[in-house]
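Below is one structure, written out as structure tokens; comments come after it.
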Amino acid sequence: MRQLISSGSPWEGPVGYSRAVRVGNVVEVAGTTAMDDDVVTGADAYSQAKRALEKIADALHAAGATMEHVVRTRIFVTDIAQWPEVGRAHGEVFGNIRPASSMLEVRALIDARLLVEIEATAVIS
């Protein structure tokens, strides 16, 4: 069974993606930023990472999972010097869960105001 989770973003249809997809006990959450409609929540990397993680939690909930089910995150930042702030946000959310994680610097995200994008993989046991 394949369950598609939508955020209602106007981009999902034209681009052809879902906020998250659940197949069996695995949930993949698409790259998630702090953008809601055309508004970016937070002017700094920490605030943007926190908002992205909140949105990931919402997508997981819609798929029947929680942050405790996350086994992997991938973090993309536009300035690797911001890694301590992004790492702090990640650590506050994942503390003892401690998923495998990568953080990579990228040249740009889809909007110049965005500093962080996060993907997640969850396995529901």
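If you want our numbering, it's the 1-based position in the sequence shown plus 17.
Here a beta-carbon is modelled for each residue, glycine too, at the ideal position from N, C-alpha and C.
Which same chain residues end up closer than 6 angstroms to residue i when comparing Cβ atoms and leaving out the 5 residues on each side of it in sequence?
i	result
residue 62	99, 102, 103, 132, 133
residue 70	110
residue 116	87, 88, 89, 90
Applying the criterion that 16 or more other CB atoms from any shown protein chain within 10 Å of the CB defines a buried residue, is residue i buried or exposed?
i	result
residue 135	buried
residue 32	exposed
residue 123	exposed
residue 39	buried
residue 125	exposed
Put residue i into one of helix, strand or coil per three-state DSSP.
i	result
residue 98	helix
residue 125	coil
residue 130	coil
residue 105	helix
Please return the same chain residues whose Cβ sits closer than 7 angstroms to the Cβ of residue i, not counting the five positions on each side in sequence.
i	result
residue 97	122
residue 52	128, 131
Take residue i and list the residues in its own chain whose beta-carbon comes closer than 8 angstroms to its own, dropping the five residues that flank it on each side.
i	result
residue 142	42, 86
**Prompt:** Where in the segment 24 to 90 do unbroken runs of the beta strand (DSSP E), each at least 3 residues long, occur, reported from the N-terminal end onward?
**Reply:** 37 to 40, 43 to 49
**Message:** Measuring CB atoms only, is the segment 58 to 72 touching the segment 102 to 116, in the sense that at least three cross pairs come out at less than 8 angstroms?
**Reply:** yes
**Asked** Does the segment 44 to 52 come within contact of the segment 73 to 89, defined as at least 3 CB pairs closer than 8 angstroms?
**Response** yes
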